[in-house]
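Numbered by my numbering, the letters in the sequence shown go through residues 804 to 883 in order.
So the structure is just underneath, and the comments pick up after that.
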Amino acid sequence: MTELASKEKVIGVKQSRKAIRDGRAEQVYLACDADPAITDPVADSCKSAGIPVKTAYTMAQLGQACHITVGASVVAILKT
């Protein structure tokens, strides 16, 4: 989870889906407590693109790891 603080990333569903679609996402984190109606389409996009997905963290944990004051349902680590 330390890579969330140190690597280049995008936060949020729209930005993450764009990064996945554009081939810029290396790995995606989905909050385990986020609404599946939000995260399932992102997970499907990742599966189609062959991008690994981690779901072990809550929205609050993802937000804190990304140094934002709100929760995050989706975070995409970008390729360097």
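Ideal Cβ positions, reconstructed from N, Cα and C, are used throughout, including at glycine.
>> Since glycine 815 and alanine 875 should fall inside the 8 Å C-beta cutoff, what is the C-beta to C-beta distance between them, to a whole number of angstroms?
In response: 7 Å
> Are there 16 or more other CB atoms within 10 angstroms of the CB of threonine 883, so buried, or fewer, so exposed?
Replying inline: exposed
> For isoleucine 841, which residues from the same chain have a beta carbon less than 7 Å from its beta carbon, with the 5 sequence-adjacent residues on both sides left out?
Replying inline: Val816, Ser876
> Thinking C-alpha only, which one of Pro839, Lys810, Asp847, Leu807 is nearest isoleucine 823?
Replying inline: Asp847
> Among the residues of its own chain, which have a CB less than 7 Å from the CB of arginine 827, if the five just before and after it don't count?
Replying inline: Leu881, Lys882
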